[in-house]
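Enquirer: Residue numbers (this note's numbering): 817 to 957.
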């Protein structure tokens, strides 16, 4: 009798764990990044929460992005995030690894430097459970 009760408890616990994983703390996130009204065609969007793992996603050629925290598109942690939009252009064949942006004349920022760090971008969002859409309209000045 005790063995059946223990097995039932174990199965219930496993079912709860399967449904209560890290995904329940994530909200799906997508959106569009524009610079001066035009879609930004390359770069990375990064959401940095007040606590926990950051989420990021590549900006596609039409300015759209989808974020991932543990996978490419699983979303961002629910809660408040500071946002960074990182977009640079490098000359083809220019070695950029290990060099600072300011020290490398072959790297050109595509957005003002303030947007490339979460602490200076001035962009903050609140991710909710479920689907979230965030559009960012950046200004070059």
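We put the CB at the ideal spot given by N, CA and C, even for glycine.
1) Measuring only the C-alpha atoms, how far is residue 954 from residue 935?
2) Is residue 841 helix, strand or coil by DSSP?
3) Is it the case that the Cβ atoms of residue 866 and residue 896 are separated by a distance below 8 angstroms?
4) Comparing C-alpha positions only, which one of 876, 950, 870 sits nearest to residue 903?
5) Tell me whether the beta-carbon of residue 937 lies closer than 8 angstroms to the beta-carbon of residue 900.
6) Identify whether residue 876 lies in helix, strand or coil by the three-state DSSP scheme.
7) Can you check whether the CB of residue 851 is closer than 8 angstroms to the CB of residue 956?
8) Rounded C-beta distance between residue 864 and residue 943? I'm assuming under 8 angstroms.
9) The beta strand (DSSP E) spanning residue 943 covers which residue range?
10) Taking residue 923 as part of the beta strand (DSSP E), name the residues at either end of that continuous run.
11) Specify the secondary structure class of residue 957 as computed by DSSP and reduced to three states.
12) Let me know the secondary structure DSSP gives residue 869 once reduced to three states.
13) If you draw a straight line from the C-alpha of residue 927 to the C-alpha of residue 857, how long is it?
14) Taking the DSSP output, what are the residues bridged to residue 948?
Expert: Taking the geometry as given:
1) The straight-line gap from Cα to Cα measures roughly 16 angstroms.
2) Correct three-state label for residue 841: helix.
3) Their beta carbons are under 8 angstroms apart, which means residue 866 touches residue 896 by this criterion.
4) The candidate whose alpha carbon is nearest that of residue 903 is 876.
5) In contact: residue 937 and residue 900 (Cβ atoms closer than 8 angstroms).
6) Reduced to three states, the DSSP call for residue 876 is coil.
7) Yes; because the gap between Cβ atoms is below 8 angstroms, this pair is in contact.
8) Residue 864 to residue 943, Cβ: 12 angstroms. No contact.
9) First-last of the beta strand (DSSP E) with residue 943: 940–943.
10) Per DSSP, residue 923 belongs to the beta strand (DSSP E) from 923–925.
11) Of the three classes helix, strand and coil, the one that applies to residue 957 here is coil, per DSSP.
12) When secondary structure is reduced to three states using DSSP, residue 869 falls in the coil class, being assigned neither helix nor strand.
13) One alpha carbon belongs to residue 927, the other to residue 857, and they sit about 11 angstroms apart.
14) Beta-bridge pairing links residue 948 to 845.
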